[in-house]
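All remarks here apply to the structure that follows.
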Amino acid sequence: MIGLSRTDIHDDAKQSSLQLPSVELQENVHTPVVTGSPPDGGYGWVVAGAVSTLNCFTWGVAATYGVYLAYYLTSEFPEATSLDYAFIGSLNFSVAMAVAPPATILTRRFGKRPVMITGVFAQAGGFIAASFAKRIWQLYLSQGALIGLGIGLMFIPSTAVLSQWFEKKRSLAQGIASAGSGIGGLIFGFATQPMITNISLGWALRITGIIVFVTNMVAVLLIRDRNAIVRPPQLGFAIYLLRRQAL
């Protein structure tokens, strides 16, 4: 070749040989498959139905406390005041939310199912214990704190499950799950007063306890998470959220 020295030819050949492996590497590049992405269906619909059932027989039942309140105000417990009865109803919601940090920590350590099954026994036990209450402080512990504890131990571990199964259809799945609380409130709102009137207060509480035990136990056994794939942190206290982030 005219005008090219041996050094130039050698440099060109060296550059060509260095470029060949890069071409081969580009041909062997594959797009990584993300195995942790939500399946958006399949068994996820069973989980959505189970969470809806759980909300139906936890928050839905708790929302009907007003029916019991109307009956209690007719001097079921003479030493109690209207403020006592109002406070008992508020314990269902306050205790359920207060147990969120320990419930999260226990779920991370022992798994979701043991914690939720404990909640099933606590809620059902609260209704049955309330049916035998003779003093107002017994009602505080049973229909107030114990039922609230059971609801919290079931509800808190179930809140993050649907987001592991759905992404594009997450709003629909969450809507199905949330609708359960309204359906439960409607059913028990109409059923509780006839049970109290025709059977008795005690048996109304016992029947409710048996119903919530059976239905919630089935729902808990059907709920599955994908923690082994997603690996969520499950922090009881996210202290870092309290720190001021630099802008």
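Residue numbers (our numbering): 19 to 265.
All C-beta atoms in this analysis are idealised placements derived from N, C-alpha and C, irrespective of residue type, glycine included.
Top-ranked residue by Cα proximity to Gly202, from Val65, Gly62, Ala68 and Thr82: Thr82
Burial state of Tyr61 (16 or more Cβ within 10 Å): exposed
Where the alpha helix (DSSP H) containing Phe75 begins and where it ends: In the DSSP assignment, Phe75 falls outside any alpha helix (DSSP H) and carries neither an H nor an E.
First and last residue of the uninterrupted alpha helix (DSSP H) at Leu109: Ser100 to Ala116
Distance CB(Gly227)-CB(Ile146) smaller than 8 Å: yes
Assumed close pair Ile225, Met213 - CB separation to whole angstroms, cut-off 8 Å: 6 Å
Cβ-Cβ distance between Asn73 and Gly198 below 8 Å: yes
Cβ neighbour criterion (16 or more within 10 Å) applied to Ile217: exposed
Within 8 Å, strictly: CB atoms of Ala222 and Thr210: It is a contact, given that the beta carbons lie within the stated cut-off.
C-alpha distance - Thr71 paired with Ala237, whole-angstrom precision: 6 Å
For Ser93, three-class secondary structure by DSSP: coil
Outcome for Pro119 when other beta-carbon atoms lying within 10 angstroms are tallied against a minimum of 16: Under this definition Pro119 is an exposed residue.
Exposure label - Pro57; buried when at least 16 CB within 10 Å: In this structure Pro57 is exposed. Its beta-carbon is surrounded by fewer than 16 other beta-carbon atoms within 10 angstroms.
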